[in-house]
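Enquirer: I'd like to ask you about the structure that follows.
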Amino acid sequence: MSSLNFQSMISLGVEVLFVAIGALVLFYFRRRISLAPLFIFVGSNQFLGQVLASSVYLVVGHDTVVSPGSMVLFSSYLFIILLVYLRTDIPTTRGLIIGILVANITLAALLWFTAYQLLSYETQMVLDMPIELFAISPRYFLFGTLMLLIDSLLVVLLYESLSFRASKLPQGAHIVLTLATVLCLDAVVFSYVLAGGEAYFLDVLRGQVLGKLSSGLIFAFFLMTYLRVFEPGLRTHRPEISKDILSIFTHRERYHQVREQLKVSEAANVAKSRFLAHMSHELRTPLNAIIGFTNVLVNRRTENDEDRLLLTRVLHNGKHLLVLINGLLDLSRIDSGKIELQQEKVNVGELLQETMDQLEGQALGKPVVLKVVQPAETCWLETDRLRLQQVLINLLGNAIKFTDKGEITASIIAGAEPGTVARIDIADSGAGIPEDDLQSIFEPFYQVGDSGVSDKGTGLGLAISQALCKQLGYQMSVDSELGKGSRFSIHITLNAM
Ligand code: ADP
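So the sequence shown is numbered by this note's numbering: it starts at 322 and just counts up by one.
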């Protein structure tokens with residue numbers, strides 16, 4: 322860089338000032354004039370870079386031109402990308418990067434056409450520019466485009482990595498380190514491509530590193546000052562995990578928005594469940610009073626049969642309502658994550674038998690055989706005994722309710738390891754469920770082929786059972802054939818699906 326004289330140094334300094342202040346002013350007034358002027362400014366700098374390359378340049382080797390002027394502009398793109406990234410959003414930054422790349426490619430093509438004309442038709446040049454500049458530039462410009470793409474990605478990536486890993490350092494340090502590192506890397510790669518293996522390689526490298534680093538540091542200073550003085554404050558967007566940093570190129574910000582929306586709706590869902598839980602609790606108290614007093618009246622000797630019938634109906638409906646409210650309370654408790662699991666080692670065969678014995682009474686009077694089928698080896702499960710039993714009661718209760726004759730079998734399907742459980746099946750030879758209803762039966766209040774409140778249940782049992790299974794880390798599925806029977810399965814391990 323020995324041929325860089327004082328005057329050209331001054332012109333370089335002025336260039337950096339012009340670009341930095343120009344970009345910052347245009348960015349500052351973006352709300353009034355939009356970002357278009359800044360984008361045009363950056364795009365036209367590509368052309369300006371070429372003019373500077375021909376006015377302040379060094380010829381290293383016999384056809385290699387190194388331009389400190391265009392190096393300054395190259396650094397400025399990264400500075401502007403970082404500025405836009407830090408104070409606007411990812412789509413805008415992406416737009417800027419694409420804009421720069423388009424300008425770069427357009428310029429490369431135009432230069433190539435010009436070079437072709439100059440060489441083929443001996444077109445006259447008013448300015449005394451070296452023809453090599455046009456002849457070789459497109460190649461370097463295209464390479465520059467690729468480098469610019471990589472550098473833009475690196476700037477964002479490195480800045481974010483630094484703010485994750487070195488969060489104690491001030492923002493200014495992140496900016497300086499980011500720009501300096503990316504520009505140095507760029508200088509090394511660029512020099513290698515330009516002069517790798519040549520005797521003048523070190524000269525090129527020194528020039529590149531010096532030019533890019535010094536202009537990069539000045540740009541970093543402008544950026545830090547601007548952020549602190551003119552637009553202080555926190556960033557509006559920030560990737561949550563390091564791999565999301567790549568979102569700038571992969572539209573992942575959309576995924577973030579959706580995730581945010583999901584969080585909001587999940588919160589709303591929890592709030593709704595809490596409200597329901599509260600309401601159900603408030604409803605139970607007066608209802609218990611109604612049931613209690615009606616019971617007293619029914620049991621009083623009343624001569625009037627009609628009164629007794631009406632009171633019995635009140636009692637019956639009151640009890641049904643209470644079951645419904647209790648179910649609703651259960652469901653909302655599970656949904657709002659209010660239940661706490663008490664894990665313990667459970668002998669599953671024993672639990673099934675115990676539950677079956679409890680419900681046996683409900684099958685009395687029906688020609689139905691109840692069976693528990695289990696492997697020879699005792700099967701154990703680390704689970705919440707009460708919750709699992711609640712699910713089994715619901716499934717076995719349904720099986721008994723909807724089976725008039727035949728058998729009901731509760732089976733344990735052993736896992737790969739001895740003594741473990743892969744699946745628990747509750748199968749019956751009852752009414753079965755039409756195929757169209759198979760998905761819906763897990764929805765709250767859904768009852769097959771019945772529009773009103775059924776005497777047989779509330780339509781909440783399966784919804785509660787499924788929610789409980791989810792909490793326990795299991796999955797539930799159903800197979801059924803109308804008129805032949807149903808099989809409900811609790812998949813303890815997922816490969817048992
Ligand atoms: P319910 O309180 O009505 O039993 P559930 O949520 O437990 O509510 O079940 C929903 C509906 O699914 C039942 O009303 C019934 O139509 C159907 N169902 C559930 N289990 C069986 C079964 N074993 N056989 C036939 N139908 C069933």
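Every residue gets a Cβ at the ideal spot worked out from N, C-alpha and C, and that includes glycine.
Are Ala735 and Cys700 touching if we call contact CB-CB under 8 Å?
Expert: In this structure, Cys700 lies closer than 8 Å to Ala735 by Cβ.
Enquirer: Out of curiosity, what's the CA-to-CA distance linking Tyr398 and Asp410?
Expert: So the alpha carbons of these two residues sit roughly 17 Å apart.
Enquirer: Can you give the beta carbon distance from Ser653 to Ala731, rounded, assuming they're within the 8 Å contact cut?
Expert: Ser653 to Ala731, Cβ: 29 Å. No contact.
Enquirer: Distance check for Leu650 and Ser807, CA to CA, integer angstroms please.
Expert: Whole-angstrom Cα-Cα distance: 28 Å.
Enquirer: With the cut-off set at 8 Å, would you say Glu756 and Ala784 are in Cβ contact?
Expert: Cβ atoms of Glu756 and Ala784: not closer than 8 Å.
Enquirer: Do Leu534 and Ala588 have their CB atoms nearer than 8 Å?
Expert: Taking 8 Å as the Cβ cut-off, Leu534 and Ala588 do not qualify as a contacting pair.
Enquirer: Look at the alpha carbon of Lys805 and the alpha carbon of Thr704, and state the distance between them as a whole number of angstroms.
Expert: Straight-line Cα distance between these residues: approximately 32 Å.
Enquirer: Enumerate, from N- to C-terminal direction, the unbroken beta strand (DSSP E) stretches of 3 or more residues contained entirely within the segment 670–700.
Expert: Qualifying beta strand (DSSP E) stretches, in chain order: 689–694.
Enquirer: Can you tell me which of the three DSSP states Asp507 falls into?
Expert: Residue state, collapsed to three classes: helix.
Enquirer: Could you tell me the alpha carbon to alpha carbon distance between Gly364 and Pro358, rounded to whole angstroms?
Expert: Answer to the nearest angstrom: the Cα atoms are 10 Å apart.
Enquirer: In the DSSP assignment, the beta strand (DSSP E) including Phe543 goes from what residue to what residue?
Expert: No beta strand (DSSP E) contains Phe543, which is instead part of the alpha helix (DSSP H) from Phe522 to Val550.
Enquirer: In whole angstroms, give me the CA-to-CA distance for Glu297 and Thr724.
Expert: Residue 297 is absent from the structure shown; the chain starts at 322 and stops at 818.
Enquirer: Between Ser807 and ligand 1, is there a pair consisting of the residue's CB and a ligand heavy atom that are separated by less than 7 Å?
Expert: Checking every heavy atom of ligand 1 against the Cβ of Ser807, one is found closer than 7 Å.
Enquirer: Hey, would you say the C-beta of Thr676 is under 7 Å away from at least one heavy atom of ligand 3?
Expert: This structure simply doesn't include ligand 3; it includes ligand 1 instead.
Enquirer: Measuring only the C-alpha atoms, how far is Ser441 from Val423?
Expert: In a straight line, the C-alpha of Ser441 is about 27 Å away from that of Val423.
Enquirer: Tell me whether Gly804, by its Cβ, gets closer than 7 Å to a heavy atom of ligand 1.
Expert: The answer is no for Gly804.
Enquirer: So, helix, strand or coil for Gly727, using DSSP?
Expert: Reduced to three states, the DSSP call for Gly727 is strand.
Enquirer: Here's a check: name, in chain order, each residue in its chain whose Cβ is nearer than 7 Å to the Cβ of Lys640, leaving out the five neighbours to either side.
Expert: Correct list, in chain order: Ile612.
Enquirer: Where in the segment 569–640 do unbroken runs of the alpha helix (DSSP H), each at least 4 residues long, occur, reported from the N-terminal end onward?
Expert: As far as the segment 569–640 is concerned, its whole alpha helix (DSSP H) runs of at least 4 residues are 573–620.
Enquirer: Quick one: what does DSSP say Thr814 is sitting in, helix, strand or coil?
Expert: Here Thr814 sits in coil by DSSP.
Enquirer: Whose C-alpha, out of Val689, Asp678 and Met392, is nearest the C-alpha of Ile721?
Expert: That would be Val689, whose Cα lies nearest to the Cα of Ile721.
Enquirer: Suppose the cutoff is 7 Å on Cβ atoms and the five residues either side in sequence are ignored; what does the same chain contact list for Thr676 look like?
Expert: Excluding positions up to five away in sequence, the list reads Gln710, Leu713, Ile714 and Leu717.
Enquirer: If you draw a straight line from the C-alpha of Gln695 to the C-alpha of Thr741, how long is it?
Expert: The alpha-carbon atoms of Gln695 and Thr741 are separated by roughly 12 Å.
Enquirer: Only counting the same chain, and skipping five residues up and downstream in sequence, which positions put a Cβ closer than 7 Å to that of Thr814?
Expert: Gly736 and Ala743, listed in sequence order.
Enquirer: Is there contact here, the segment 508–520 with the segment 399–406, by at least three beta-carbon pairs under 8 Å?
Expert: With the cut-off at 8 Å, the segment 508–520 and the segment 399–406 do not touch.
Enquirer: Are Ser798 and Ser786 touching if we call contact CB-CB under 8 Å?
Expert: No.
Enquirer: Grab me the residues of Ala508's own chain with a C-beta within less than 6 Å of its C-beta, minus the 5 sequence neighbours each way, in chain order.
Expert: Within the same chain, Ala508 has close Cβ partners Gln529, Val530 and Lys533.
Enquirer: So, with DSSP's three-state summary, where would you put Gly773?
Expert: Caution is warranted here: a pLDDT of 43 is assigned to Gly773, below 50, making its placement in the model unreliable, and the coordinate value is therefore given only provisionally. Three-state DSSP puts Gly773 in coil, outside helix and strand.
Enquirer: For the alpha helix (DSSP H) holding Ile418, just list the boundary residues, first then last.
Expert: Where Ile418 is concerned, the enclosing alpha helix (DSSP H) stretches over Ile411 to Tyr442.
Enquirer: Could you tell me the alpha carbon to alpha carbon distance between Ile747 and Ile655, rounded to whole angstroms?
Expert: Roughly 23 Å between the two C-alpha positions.
Enquirer: In chain order, what residues of the same chain lie with their CB nearer than 7 Å to the CB of Leu604, ignoring the 5 residues before and after it?
Expert: Result list for Leu604: Ile646, in chain order.
Enquirer: What do you reckon, is the C-beta of Ala752 under 7 Å from a heavy atom of ligand 1?
Expert: For ligand 1, at least one heavy atom lies less than 7 Å from the Cβ of Ala752.
Enquirer: With H, G and I counted as helix, E and B as strand and the rest as coil, what does DSSP make of Ser657?
Expert: In the structure shown, Ser657 sits in coil (DSSP, three-state: anything other than H, G, I, E or B).
Enquirer: So Val667 packs on Arg706, CB below 8 Å; how close in whole Å?
Expert: Correct: roughly 5 Å between the Cβ atoms.
Enquirer: Can you tell me whether Ala344 is helix, strand or coil according to DSSP?
Expert: Ala344 falls in the helix class under three-state DSSP.
Enquirer: Could you check whether Leu636 and Thr615 sit closer than 8 Å to each other, using their CB atoms as the reference points?
Expert: Against a cut-off of 8 Å, the Cβ pair of Leu636 and Thr615 comes out as a contact.
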